[in-house]
Amino acid sequence: MLNITSAKLTGTPGEAGWAQAYEFEPSDPGEVKNRGRFFAVVAVKSGEAGREIVDRLHESYFGELTLRPFNAIKNTVEKVVGEFGGETGIEIAACALVGDVVYSAAYGGGEVTISREGSLGTILKSANEVVSASGYPKSGDMILLATKSFYEHISQETIKAGLTGESSQSAVELFAPMVHGNGDAGNLGAV
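This note's numbering puts the first residue of the sequence shown at 10, with every later residue one more than the last.
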């Protein structure tokens, strides 16, 4: 069994938009078995729409337990994008750890990156279509879900330094000054 820790970071809402990093671990054993621990980063122009998007991601992913997790996470992101597609600038990066498999999906610029044994690898980099992937994490891996703006404002070297550090919390401590020191970082989020 993997030891899972997480840390979240978002910019201050403003003209650039609004971002939220979300995490949910169900208490129901059936949901744990079928859906695992769920993480998402959402960025959008409006905070009100953003909160609705996060709620819909949760409802959709945990609402239909008969789908396989890979299909569920991809369908969830597609469904939410379809519902809120008129909202300009919508970005989603979502992942779930179910058993020993990580499932991920992204849209609109959201990305998923993995750090393994000192190397960074891109799992997903989205644009105007939902993309999805799955894989087997190893002990010591760090997975980053983030908005396009995060990757534009934080250098690859800094991301690598953060993800190869001691913990997810130390990564956030490294990234936070760059996020909060940027006045145009409302749509910047990571988990």
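Here a beta-carbon is modelled for each residue, glycine too, at the ideal position from N, C-alpha and C. All values reported here derive from a predicted model rather than from experimental measurement.
Identify which residue in the options has its Cα closest to the Cα of residue i.
{"i": "Pro-38", "options": "Ile-101, Val-50, Phe-71, Lys-54", "result": "Phe-71"}
{"i": "Leu-106", "options": "Val-140, Thr-85, Asn-43", "result": "Asn-43"}
{"i": "Asp-150", "options": "Leu-18, Gly-45, Thr-131", "result": "Thr-131"}
{"i": "Asp-109", "options": "Gly-127, Gly-98, Ser-143", "result": "Ser-143"}
{"i": "Asn-12", "options": "Trp-27, Val-200, Ser-176", "result": "Ser-176"}
{"i": "Ala-30", "options": "Val-90, Thr-75, Thr-156, Glu-126", "result": "Thr-156"}
{"i": "Leu-154", "options": "Ser-113, Glu-24, Ser-36, Lys-88", "result": "Ser-113"}
{"i": "Ser-158", "options": "Val-139, Ser-128, Ala-102", "result": "Ala-102"}
{"i": "Pro-146", "options": "Cys-104, Gln-178, Gly-94", "result": "Cys-104"}
Based on the DSSP output, what are the partners of residue i in its beta bridges?
{"i": "Arg-125", "result": "Ser-128"}
{"i": "Glu-120", "result": "Lys-134, Ala-155"}
{"i": "Phe-47", "result": "Phe-33, Ala-105"}
{"i": "Gly-7", "result": "Because the chain here runs from 10 to 200, residue 7 falls outside it and cannot be looked at."}
{"i": "Ala-115", "result": "Ala-102, Val-140"}
{"i": "Gly-149", "result": "In the DSSP output, where bridge partners are listed per residue, Gly-149 has none listed."}
{"i": "Gly-26", "result": "Gly-23"}
Taking Cβ positions, are residue i and residue j nearer each other than 9 Å?
{"i": "Ile-82", "j": "Ser-124", "result": "no"}
{"i": "Ala-7", "j": "Leu-197", "result": "Only positions 10 to 200 of the chain appear in the structure, and residue 7 is not among them; the question remains open."}
{"i": "Ile-168", "j": "Thr-122", "result": "yes"}
{"i": "Gly-117", "j": "Gly-26", "result": "no"}
{"i": "Arg-65", "j": "Glu-92", "result": "yes"}
{"i": "Leu-129", "j": "Val-140", "result": "no"}
{"i": "Ala-16", "j": "Ala-180", "result": "yes"}
{"i": "Val-188", "j": "Thr-75", "result": "no"}
{"i": "Asn-84", "j": "Ser-69", "result": "yes"}
{"i": "Gly-3", "j": "Pro-78", "result": "Outside the shown range of the chain (10 to 200) lies residue 3, about which nothing can therefore be said."}
Which residues bound the alpha helix (DSSP H) around residue i?
{"i": "Glu-87", "result": "78-93"}
{"i": "Ser-158", "result": "157-162"}
{"i": "Ala-170", "result": "165-172"}
{"i": "Glu-40", "result": "38-44"}
Where do the ends of the beta strand (DSSP E) carrying residue i lie?
{"i": "Ala-142", "result": "140-144"}
{"i": "Ile-101", "result": "100-107"}
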